[in-house]
């Protein structure tokens, strides 16, 4: 799992567990390259990964779009930037919040470099993945750029520990893709889990906004 969202992942796993009570589901957080390697080697049956709209999809995998969202700035409700209806690139670069960046290998790392046009904040942290990024935001260490579907409906957002603001003058879309190896006969349980994810994504309407 390189990317996921609570409103998608948790109901999907719960529904699968109801139908397959004796089947163990292993949820692993990893970078996209690690997921792809494990899929090719048979270590993983399915992978949830982010792609920027317009990216070439890997030919070795069957890719199904589950959710489509927009990047946003995830921050604490008491941040001065939370008083704004939207934030600009200058707000991110020169604002009061240190930037918590995703490490190289994550799509949001590449997005941040594209958005900031190679410029870097004066002081920032880096971390692995959205979950640690959100925890760091909740603890007051800064703000981070994430897809909306990684923030909206998250337990930290529902409890008021984090909030979000859209990025003004940015039309980038982030896609949450479900991937599996091509031309491989999947175990019945893996096929059922695949269908549960697709069905849950349809229930969400393809987005959380």
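Residue numbers (our numbering): 8 to 216.
Built from N, CA and C at the ideal position, the CB exists for glycine as well.
Check this for me: beta carbons of residue i and residue j, under 7 Å apart or not?
i, j, result
"residue 71", "residue 185", "yes"
"residue 218", "residue 149", "As displayed, the chain neither begins before 8 nor continues past 216, which places residue 218 out of reach and without an answer."
"residue 156", "residue 19", "no"
"residue 15", "residue 207", "yes"
"residue 36", "residue 136", "yes"
"residue 106", "residue 172", "no"
"residue 195", "residue 46", "no"
"residue 110", "residue 133", "yes"
"residue 152", "residue 119", "yes"
"residue 97", "residue 197", "no"
"residue 57", "residue 114", "yes"
"residue 122", "residue 102", "no"
Please report the straight-line C-alpha distance between residue i and residue j, rounded to a whole angstrom.
i, j, result
"residue 191", "residue 13", "29 Å"
"residue 210", "residue 67", "28 Å"
"residue 131", "residue 108", "7 Å"
"residue 34", "residue 91", "36 Å"
"residue 212", "residue 48", "33 Å"
"residue 80", "residue 174", "7 Å"
"residue 27", "residue 60", "34 Å"
"residue 44", "residue 38", "10 Å"
"residue 145", "residue 163", "7 Å"
"residue 147", "residue 128", "17 Å"
"residue 63", "residue 29", "37 Å"
"residue 65", "residue 40", "11 Å"
Go ahead and label residue i buried or exposed: buried means 16 or more other beta carbons lie within 10 angstroms of its beta carbon, across all protein chains shown.
i, result
"residue 140", "buried"
"residue 161", "buried"
"residue 31", "exposed"
"residue 143", "buried"
"residue 125", "exposed"
**Study point:** Contact between the segment 167-186 and the segment 74-94 (3+ Cβ pairs under 8 Å)
**Key:** Result yes; three or more Cβ-Cβ pairs closer than 8 Å.
Review point. Counting pairs of beta carbons, one from the segment 76-93 and one from the segment 159-170, are three or more of them closer than 8 Å?
Key: yes
Review point. Curious, which full-length beta strand (DSSP E) runs of at least 3 residues does the segment 28-112 contain?
Key: Correct list: 54-59, 68-76, 78-82 and 106-109.
Exercise for review: List in chain order: all unbroken beta strand (DSSP E) runs of 3+ residues lying wholly within the segment 129-186.
Suggested key: As far as the segment 129-186 is concerned, its whole beta strand (DSSP E) runs of at least 3 residues are 131-134, 151-154 and 170-173.
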